[in-house]
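Trainee:
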């Protein structure tokens with residue numbers, strides 16, 4: 031029996047979308063308000079979904095507390111109440127779009143999970159804007 | 031790297047479910063309260079999800095503002111504060127069930143999007159009733 | 031000990047804001063999109079809040095099932111899946127703005143409740159637009 | 031045209047996670063706070079999603095009222111305001127983890143649905159912890 | 031300048047509504063499904079709202095982390111993953127209706143807060159049923 | 031007849047809580063993670079509630095579109111996708127705690143509203159932390 035177990039978490043962070051190798055004007059035309067020079071920020075909501083076989087002895091695919099602790103260690107400690115551009119090494123050279131943040135989170139959690147489990151990340155930048163990455 | 035980008039939007043509309051080629055009694059037995067002769071209405075919530083490759087230069091699959099503007103032009107302008115049966119040509123001969131509304135929205139957005147992108151529409155008629163159409 | 035007990039309910043309805051004694055142009059300038067001639071609609075969310083003394087024997091101010099049944103009888107039966115302008119007598123001569131709908135609901139519930147209890151009605155026309163009436 | 035129709039429902043229940051064939055200490059180390067001897071409880075939110083062809087005559091995959099009634103008969107009557115361990119026969123020998131509850135609900139609804147329809151169950155134990163079962 | 035600061039928290043618990051000095055039949059007629067002999071349960075959502083003057087040096091009425099820690103110590107440690115009737119001394123002789131739970135929480139937090147601050151408790155038993163206690 | 035009309039809006043912003051006249055250590059002990067030197071951010075949700083008499087001719091206390099436009103002009107244009115500390119003059123010398131942001135918004139809207147109307151501001155910094163200011 032294969033089941034998906036999902037855990038929702040959140041972190042609050044500042045970010046700015048721009049490329050230092052582009053002019054301010056080009057950044058503005060591509061990234062609009064997200065290029066504000068002094069940053070802006072979001073309450074990011076994160077859903078990590080793990081799919082795998084149910085352990086018949088415990089009735090768990092994964093103890094959701096284990097998943098919650100993993101998200102805490104790998105994501106909340108590094109991202110919460112931080113500036114993604116300046117405080118998080120993964121975004122030193124990677125624009126922190128929602129797409130890229132989901133990809134970075136997926137990579138951080140993937141390497142800590144049993145390879146037999148599938149992983150999908152959904153990241154809400156706002157309640158109306160969100161992205162999903164499945165490792166493809 | 032393939033990612034899904036989702037944008038949530040909404041519109042408020044009146045509708046009625048019935049077939050003019052059926053008796054009122056038959057319409058009532060099939061459509062129940064949704065057959066009220068003077069219409070009823072909903073706050074529809076719409077999620078348009080676009081899947082494709084991330085542009086390595088911008089970190090975007092699609093600028094979510096482009097997607098939001100597209101939904102505004104194709105869906106909100108035509109459907110918001112309207113009577114779907116009487117004011118929207120697509121429903122002149124198509125019963126405006128949630129299934130059909132999702133299908134019509136999918137077709138309107140599909141023809142405006144890059145063919146390399148996949149599109150999925152989820153439409154909430156109420157917070158407890160919703161449908162999803164993937165173009166299949 | 032005085033406590034407020036609140037019950038949330040909902041109904042889906044069509045309506046139109048306009049005055050028959052005004053020209054279409056004047057209606058449009060005052061009511062905008064809400065004056066669409068063929069109606070539009072909403073999923074209304076209603077919160078009825080009743081304040082009073084806790085009965086020491088039961089620990090209840092009012093059995094919330096009693097309150098839910100009262101909302102069903104007085105509001106849902108008359109308003110759900112209806113056209114407020116055409117199907118609900120209270121709005122034959124009263125424009126069904128959110129303000130007036132809250133007022134009508136307050137009056138319908140007020141006369142069915144113990145006079146020792148206070149009543150407040152909050153009505154959400156959309157998740158972002160709502161009104162509150164306290165009988166003042 | 032293939033569409034997924036989803037209905038959200040809920041039930042409130044008590045449960046406890048433990049194996050009678052394990053010591054209290056082992057149960058505690060595996061199930062933590064969920065092993066509280068006197069039970070604890072949740073407001074479970076359930077989404078049942080049915081996928082199939084749209085009937086061209088009605089514009090429905092399945093009348094959502096039929097789906098809501100089915101959930102009521104098979105799930106709410108048996109689970110709502112109950113103790114899953116003591117009052118629900120399916121959990122006499124099956125630990126009521128979210129995974130197992132989703133599996134039991136899937137089996138109860140599956141046998142009542144047209145075999146041409148696919149079924150997926152998502153069960154929220156809390157707003158932050160949820161599972162999905164697709165019958166695989 | 032007087033401001034209200036609110037913190038939302040949650041706990042999951044089992045309970046049963048009944049009076050041991052009443053017959054099962056009388057309990058059933060008053061408490062209905064809430065009288066299930068083996069208990070049922072809820073995800074309770076709690077909002078604690080504290081009103082007072084803003085400290086001009088910090089811009090805080092109360093550090094919301096202090097308020098969150100207080101709720102954790104006084105409410106979550108005692109109530110979360112517990113059976114309110116059997117595990118919580120305050121309900122040994124007090125029926126754990128939402129009204130009474132809000133009252134008990136108010137008393138526990140009140141004695142730990144600066145007397146210059148006002149306190150209001152809102153307790154959601156379900157998303158549709160909730161109560162508010164202001165200490166009156 | 032007196033009614034409260036509420037409009038919900040939002041803005042995304044970066045901020046930092048600290049006093050330049052305090053040491054970093056003192057700022058850290060008072061403001062904790064909110065003192066991150068490179069800022070962090072939030073999706074702020076704002077509810078502006080206006081109370082007054084219903085105009086018997088229109089059934090409105092205030093046209094909610096007028097209220098929405100006012101919030102846009104006074105709050106969203108200045109705060110959205112901005113750094114509150116660096117980009118918003120009102121916070122040049124005022125720590126942008128939720129309390130102070132609510133106060134600044136109240137003052138900006140208050141001076142644009144009819145003096146006969148009462149105004150209350152609720153500001154959500156996160157879904158679990160929020161403040162309310164009534165002009166007292």
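Residue numbers (our numbering), protein chains in the order written: chain Y, 31 to 166; chain R, 31 to 166; chain F, 31 to 166; chain U, 31 to 166; chain G, 31 to 166; chain E, 31 to 166. Even glycine gets a Cβ: it sits at the ideal position worked out from N, Cα and C.
(1) If you count every other CB in all the chains shown that lies within 10 Å of the CB of residue 50(Y), and 16 or more means buried, which is it?
(2) At what residues does the alpha helix (DSSP H) containing residue 133(R) begin and finish?
(3) Select from the segment 81-98 of chain F all residues with a C-beta closer than 7 angstroms to any C-beta belonging to chain G, and list them in chain order.
(4) Using a beta-carbon distance cut-off of less than 7 angstroms, what residues from the segment 52-75 of chain F approach chain E?
(5) Go ahead and label residue 84(G) buried or exposed: buried means 16 or more other beta carbons lie within 10 angstroms of its beta carbon, across all protein chains shown.
(6) Residue 80(Y) and residue 34(Y) look like a contact to me (Cβ under 8 angstroms); what is the Cβ gap, rounded to whole Å?
(7) Who does residue 149(F) pair with in a DSSP beta bridge?
(8) Just to confirm before moving on: does the CB-CB distance between residue 71(Y) and residue 130(E) stay below 9 angstroms?
(9) Does any CB atom of chain R fall closer than 9 angstroms to the CB of residue 108(U)?
(10) Can you tell me which residues form a DSSP beta bridge with residue 36(R)?
(11) Report the neighbours of residue 121(E) on chain G: residues whose CB is nearer than 7 angstroms to its CB, in chain order.
(12) Taking just the CA atoms, how far does residue 136(F) sit from residue 38(F)?
(13) Assess contact between the segment 82-101 of chain F and the segment 39-58 of chain E, defined as three or more Cβ pairs (one per stretch) separated by less than 8 angstroms. Is contact present?
(14) Note down, in chain order, every chain Y residue with its Cβ under 7 angstroms from the Cβ of residue 34(R).
(15) Is residue 146(R) close to chain Y? Criterion is C-beta to C-beta, closer than 9 angstroms.
(16) According to DSSP, is residue 74(Y) part of a helix, a strand, or is it coil?
(17) Taking the alpha-carbon positions, what's the residue 166(F) to residue 112(U) distance?
(18) Name the two residues that bound the continuous alpha helix (DSSP H) containing residue 121(G).
(19) With H, G and I counted as helix, E and B as strand and the rest as coil, what does DSSP make of residue 41(U)?
(20) Who are the neighbours of residue 156(G) on chain U, taking C-beta pairs under 9 angstroms?
(21) So, is residue 160(F) buried or exposed, given that buried needs 16 or more other C-beta atoms within 10 angstroms?
(22) Does the beta carbon of residue 103(F) come closer than 9 angstroms to any beta carbon on chain R?
(23) How far does the alpha helix (DSSP H) with residue 59(G) in it reach, from first residue to last?
(24) Determine the chain R residues that contact residue 132(Y) at a beta-carbon separation under 8 angstroms, and present them in chain order.
(25) Compute the distance between the beta-carbons of residue 88(U) and residue 127(R), then report whether it is under 9 angstroms.
(26) State yes or no: is the beta carbon of residue 116(F) nearer than 9 angstroms to at least one beta carbon in chain R?
(27) In chain order, what residues of the same chain have a beta carbon less than 6 angstroms from the beta carbon of residue 125(R), not counting five sequence neighbours either side?
(28) Taking C-alpha atoms, which residue in 144(R), 65(R), 44(R), 43(R) lies nearest to residue 52(R)?
(29) Report yes if the C-beta distance between residue 68(Y) and residue 117(E) is below 9 angstroms; otherwise report no.
(30) Sorry if obvious, but does the Cβ on residue 80(F) come closer than 8 angstroms to a heavy atom of the ligand GTP?
(31) Rounded to whole angstroms, what's the CA-CA distance from residue 138(E) to residue 150(F)? Just pull it up for me.
(32) Could you please give the first and the last residue of the uninterrupted alpha helix (DSSP H) stretch that includes residue 144(U)?
(33) Can you tell me whether residue 54(E) is buried or exposed? The criterion is at least 16 other CB atoms within 10 Å of its CB, across all chains shown.
(34) When the cut-off is 9 angstroms and only beta carbons count, does residue 37(U) lie next to chain R?
(35) Between the beta-carbon of residue 77(R) and the beta-carbon of residue 152(R), is there less than 9 angstroms?
Mentor: Based on what the coordinates show:
(1) Here residue 50(Y) refers to the residue found at position 20 of the first chain. With fewer than 16 Cβ atoms within 10 Å of its Cβ, residue 50(Y) is classed as exposed.
(2) Taking the first residue of the second chain as 1, we reach residue 133(R) at position 103. From DSSP, the alpha helix (DSSP H) with residue 133(R) extends over 128-140.
(3) 84, 88, 89, 90, 91, 94, 95
(4) 60, 62
(5) The count along the fifth chain starts at 1 and reaches residue 84(G) at position 54. Buried is the call here.
(6) The residue labelled residue 80(Y) in the question sits at position 50 within the first chain. The residue labelled residue 34(Y) in the question sits at position 4 within the first chain. With 8 angstroms as the limit, residue 80(Y) and residue 34(Y) qualify as a contact, their Cβ atoms being about 7 angstroms apart.
(7) For the purposes of this step, residue 149(F) is taken as the residue at position 119 of the third chain. Per DSSP, 80(F).
(8) Translated into positions along the first chain, residue 71(Y) becomes position 41. Translated into positions along the sixth chain, residue 130(E) becomes position 100. In this structure, residue 130(E) does not lie closer than 9 angstroms to residue 71(Y) by Cβ.
(9) In the fourth chain, counting from the first residue as 1, residue 108(U) sits at position 78. It does not: the Cβ of residue 108(U) has no partner Cβ on chain R nearer than 9 angstroms.
(10) One-based indexing of the second chain puts residue 36(R) at position 6. Its beta-bridge partners are 160(Y), 79(R).
(11) Your numbering for residue 121(E) matches position 91 in the sixth chain. The contacting residues do not exist; residue 121(E) stays about 10 angstroms from chain G at best.
(12) By one-based count along the third chain, residue 38(F) stands at place 8. By one-based count along the third chain, residue 136(F) stands at place 106. Looking at the two C-alpha atoms, the distance is approximately 14 angstroms.
(13) no
(14) In the second chain, counting from the first residue as 1, residue 34(R) sits at position 4. Within 7 angstroms Cβ-Cβ: 161, 162.
(15) Residue numbering aside, residue 146(R) sits at position 116 when the second chain is read from its first letter. No, residue 146(R) lies away from the interface with chain Y (no Cβ there is under 9 angstroms from its Cβ).
(16) Counted from its first residue, the first chain places residue 74(Y) at position 44. Reduced to three states, the DSSP call for residue 74(Y) is strand.
(17) Residue mapping note: residue 166(F) aligns to position 136 of the third chain, counting from 1. Residue mapping note: residue 112(U) aligns to position 82 of the fourth chain, counting from 1. Going by the C-alpha atoms only, they are around 42 angstroms apart.
(18) Taking the fifth chain and counting its residues from 1, the one referred to as residue 121(G) is at position 91. Neither: residue 121(G) is in no alpha helix (DSSP H) and is coded neither H nor E.
(19) In the fourth chain, the residue the question calls residue 41(U) occupies position 11. Strand at residue 41(U).
(20) Here residue 156(G) refers to the residue found at position 126 of the fifth chain. In chain order: 40, 42, 73.
(21) The residue labelled residue 160(F) in the question sits at position 130 within the third chain. Residue 160(F) is buried by the Cβ-count criterion.
(22) For the purposes of this step, residue 103(F) is taken as the residue at position 73 of the third chain. No, residue 103(F) lies away from the interface with chain R (no Cβ there is under 9 angstroms from its Cβ).
(23) By one-based count along the fifth chain, residue 59(G) stands at place 29. Segment 54-61, the alpha helix (DSSP H) holding residue 59(G).
(24) By 1-based counting over the first chain, the position of residue 132(Y) is 102. Simply 33.
(25) Along the fourth chain, read from residue 1 onward, the residue named residue 88(U) stands at position 58. Along the second chain, read from residue 1 onward, the residue named residue 127(R) stands at position 97. Cβ atoms of residue 88(U) and residue 127(R): closer than 9 angstroms.
(26) Within the third chain, residue 116(F) is the residue found at index 86, counting from 1. True, the Cβ-Cβ gap to chain R drops below 9 angstroms.
(27) To locate residue 125(R), count along the second chain from 1; it is residue 95. 47, listed in sequence order.
(28) As a first step, residue 52(R) is located in the second chain; it is residue number 22 there, counting from the start. The option with the nearest alpha carbon to residue 52(R) is 65(R).
(29) The residue labelled residue 68(Y) in the question sits at position 38 within the first chain. The residue labelled residue 117(E) in the question sits at position 87 within the sixth chain. Yes, the Cβ-Cβ distance between residue 68(Y) and residue 117(E) is below 9 angstroms.
(30) Looking for the ligand GTP in the displayed structure turns up nothing, as the structure carries no ligands at all.
(31) Taking the first residue of the sixth chain as 1, we reach residue 138(E) at position 108. Taking the first residue of the third chain as 1, we reach residue 150(F) at position 120. The alpha-carbon atoms of residue 138(E) and residue 150(F) are separated by roughly 29 angstroms.
(32) Residue mapping note: residue 144(U) aligns to position 114 of the fourth chain, counting from 1. Counting along the chain, residue 144(U) falls outside any alpha helix (DSSP H), and DSSP gives it neither H nor E.
(33) Reading the sixth chain from its first residue, position 24 is the one you call residue 54(E). Exposed, by the Cβ-count rule.
(34) For the purposes of this step, residue 37(U) is taken as the residue at position 7 of the fourth chain. For residue 37(U), the answer is yes, since a Cβ of chain R falls inside 9 angstroms of its Cβ.
(35) The residue labelled residue 77(R) in the question sits at position 47 within the second chain. The residue labelled residue 152(R) in the question sits at position 122 within the second chain. Cβ distance < 9 angstroms, so residue 77(R) and residue 152(R) count as in contact.
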